[in-house]
Amino acid sequence: EYIENLRRGIYKLGKGAFFKFFLGAIVSNYWMAKIPTDRNFINILNYMYAYSFYLYFDFAGYSFMAVGTSYIFGIKTPDNFNIPYLSHDIKEFWNRWHMSLSFWFRDFIYTRIVMSFIKNKVFKNKYTASYIGFIITMFTMGAWHGTQRHYLVYGLYHGILICFTDYFERKSKWYKSVKNNEKWDTVFTFVTFNLVCFGFLIFSGKLFI
């Protein structure tokens, strides 16, 4: 069993190093660094995508290296990223991105808030309780990164997105009729990716300069 863990550990360590030191470095040095500093729509859009890819390769790279190291020492640690940019919707994204943090906030913040709302009958509608819970949880996650305006707006942005996504997917007959369609799934993935990238643009603070 240890040989298998060692093999997987070396693979994950190598994958992380490739993400961090090769792909991340390429994006940083040959994409982000070459974006003109003039503030216009094209440059901001270009930065949005570059920063989103850099953040993923850098952060996921560190995470894979940490997981790989733990496997090498015989400790099975779950992956922290699972191809998040291929998510079908924003809820799925948060089940694939920085999973250790998002699952902690889900279990210890969101669940407890909603259970408290329901137990104390703060809201009559369970969906209202859930949506307020989403917004508080994501706002808190934003504040966890820092109290600067862009972090707080980032958290609020994702809280609202999750609420809208859940409402749309529950209420839209059209969505229910096409959600299993492969072509529309590609569209939903594309839209989700762009919404996520815009969120990272907010997170970067570039919108508030």
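The opening position of the sequence shown corresponds to residue 4 in the numbering used here, with each subsequent residue numbered one higher.
We treat Cβ as the ideally placed atom computed from N, Cα and C, and that holds for glycine.
By the CB criterion at 8 Å, residue 167 and residue 155 fall outside the cutoff. The Cβ-Cβ distance between residue 165 and residue 121 does not fall below 8 Å. A direct Cα-to-Cα measurement between residue 111 and residue 148 gives close to 17 Å. Rounded to the nearest whole angstrom, the C-alpha separation of residue 65 and residue 33 is 20 Å. As the crow flies, the alpha-carbon of residue 124 is around 12 Å from that of residue 116. Separation of residue 38 and residue 48 (C-alpha to C-alpha, rounded to the nearest whole angstrom) is 10 Å.
Taking a C-beta distance under 8 Å as the contact criterion, residue 88 and residue 12 do not qualify as a contact pair. Separation of the CB atoms of residue 139 and residue 163 is rounded to 12 Å, and the pair is thereby denied contact status at 8 Å. Pairing residue 23 with residue 68 gives a Cβ-Cβ distance under 8 Å. A contact between stretches requires three or more CB pairs, one per stretch, nearer than 8 Å, and the region 193-202 fails this requirement with the region 125-137. If you check the CB distance, residue 70 and residue 83 come in under 8 Å. Bounds of the alpha helix (DSSP H) holding residue 119 are 114-122. Between residue 53 and residue 30, the beta carbon gap of about 6 Å places them in contact (Cβ cut-off 8 Å).
For secondary structure counted as the beta strand (DSSP E) over 3 or more consecutive residues, the region 154-202 holds no complete run. DSSP places residue 128 outside both helix and strand once states are collapsed to three, so it counts as coil. Residue 17 counts as exposed, since fewer than 16 other beta carbons sit within 10 angstroms of its beta carbon.
With a contact defined as Cβ atoms closer than 8 Å, residue 202 and residue 161 qualify at about 6 Å.
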